[in-house]
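Student: Mature numbering (1 follows the signal peptide of the UniProt record, and there is no 0) puts the sequence shown at residues -29 to -1, 1 to 226. Don't be surprised by glycine CBs; every beta carbon is placed ideally from N, CA and C. Predicted, not measured: the structure shown is a model, and the values here were computed from it. Structure incoming, see below.
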Amino acid sequence: MRTTRTSRARTATACAGVLAVLTAGGVTACTSDGSSAAPATSASPTGQLASVTASATPSEAPATPDASLAPTPVVAPTDVPDEVLLPPAALDGQGLPRQLVEVVVPWRLPPGCGAGQPDTAVAMRGQELGTGEFEAVVPVQQVAVFPDAAAAVVELDRVRGRLAGCAPEEPDATTVYVREDVAVGAQGTGLATSYNGGTDDGALGTYAVLTRRGNAVVLVGGEGGERNLGDARAQETAHAQAAWELLARYELDAG
């Protein structure tokens, strides 16, 4: 009997030591008689108590566009360098005195048309070749540039309207003006000036053409001389086509 009590005392002491160590890990426990008991909680594989941690996912703010990646707006040029003018030879004026104009001035059209000057133009460059001596034709060209293509459209529409109402400066004059459509560039417009009232190709007179490319409007013509209208029309239409081709820098789209 004494041996049993001593054994139980030793077992209780040993169990108390184990209990102190293992209870912290939640693995086992001892009863008062030294037997093992199941743990009150289950252990994770690592010996730690299982727990659930709720984590909140922060909402993502919309990304701010990188300004450096935005396309740069394309702006039409508003200067008129000399290279947009036809060389004198292309205007049948090779060897003739050349006078340049680098400010906005009235269109080189008959005063009786009242076309005036392009007030909305931001720049203009023009040239005049020759002096008109001995009934020679004086080739002229003007290039006017506007803030955008829309402004150029408005200006050329305005001039077209004026050309439809041209009248001789003198009431008894026989001069006749005829506005025509010309298949060059955008809004191509021609003005035939007949000296003596005839409108057939054989009548003596002059011809001028205006057309547009992008935000630029160009005028070419031949003042004075003794050309018939058929020849004058053909020559100035060809000049207008060549002049239009030099205006590619102003065409940002199909306008």
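Any chance the stretch 96 to 109 sits against the stretch 119 to 131, with 3 or more Cβ pairs inside 8 Å?
Tutor: In short, these stretches do not touch, since the Cβ pair count stays below three.
Student: What's the gap between the Cα of residue 176 and the Cα of residue 44?
Tutor: Cα to Cα, residue 176 sits roughly 46 Å from residue 44.
Student: Would the stretch 135 to 153 and the stretch 79 to 99 be scored as touching if the rule is three or more Cβ pairs under 8 Å?
Tutor: Output reads yes: the stretch 79 to 99 touches the stretch 135 to 153.
Student: Suppose the cutoff is 7 Å on Cβ atoms and the five residues either side in sequence are ignored; what does the same chain contact list for residue 173 look like?
Tutor: Once the five neighbours on either side are set aside, the close Cβ partners of residue 173 are 199, 201.
Student: Do three or more CB pairs link the stretch 62 to 78 to the stretch 92 to 106 at distances below 8 Å?
Tutor: Touching, yes, given that three or more Cβ pairs across the two stretches are closer than 8 Å.
Student: Keeping to the same chain, check which residues put their C-beta closer than 7 Å to that of residue 56; ignore five residues upstream and five downstream.
Tutor: Result list for residue 56: 96, 98, 112, 114, in chain order.
Student: Mind reading off the beta-carbon distance from residue 147 to residue 161? Whole number of angstroms is fine, and I expect it under 8 Å.
Tutor: Contact flag wrong, Cβ pair sits at about 14 Å.
Student: Taking a contact to mean a Cβ-Cβ separation below 8 Å, would you say residue 223 touches residue 187 in this structure?
Tutor: The answer is no: Cβ separation not under 8 Å.
Student: If residue 130 and residue 78 are in contact, beta carbons under 8 Å, what's the gap, nearest whole angstrom?
Tutor: About 7 Å; that satisfies the 8 Å criterion.
Student: So what does DSSP say about residue 146, is it helix, strand or coil?
Tutor: Looking at residue 146 - three-state DSSP - the assignment turns out to be coil, as it is neither helix nor strand.
Student: Where do the N-terminal and C-terminal ends of the beta strand (DSSP E) with residue 162 fall, by residue?
Tutor: Run containing residue 162: 157 to 165, per the beta strand (DSSP E) assignment.
Student: Beta-carbon within less than 6 Å of residue 157's beta-carbon, same chain only, minus the 5 sequence neighbours each way: which residues are those?
Tutor: Counting only Cβ-Cβ distances below 6 Å, and skipping sequence neighbours, we find 183.
Student: Closer than 7 Å by C-beta to residue 88: which residues in its own chain qualify, once you throw out the five before and the five after it? Chain order, please.
Tutor: Excluding residues within five positions, the ones whose Cβ falls inside 7 Å are 75, 76, 77, 78.
Student: By DSSP, does residue 110 sit in helix, in strand, or in coil?
Tutor: It is a strand residue.
Student: Give the secondary structure of residue 88 by DSSP, where H, G and I count as helix, E and B as strand, and everything else as coil.
Tutor: In this structure, residue 88 counts as coil in the three-state DSSP scheme.
Student: On the DSSP bridge list, what partners appear for residue 152?
Tutor: In the DSSP output, where bridge partners are listed per residue, residue 152 has 160.
Student: With H, G and I counted as helix, E and B as strand and the rest as coil, what does DSSP make of residue 64?
Tutor: The answer is coil: DSSP assigns residue 64 none of H, G, I, E or B.
Student: Rounded C-beta distance between residue 94 and residue 164? I'm assuming under 8 Å.
Tutor: With 8 Å as the limit, residue 94 and residue 164 do not qualify as a contact, their Cβ atoms being about 28 Å apart.
Student: In the DSSP output, what is residue 193 paired with across the bridge?
Tutor: Looking at the DSSP assignment, residue 193 forms a beta bridge with 110, 178.
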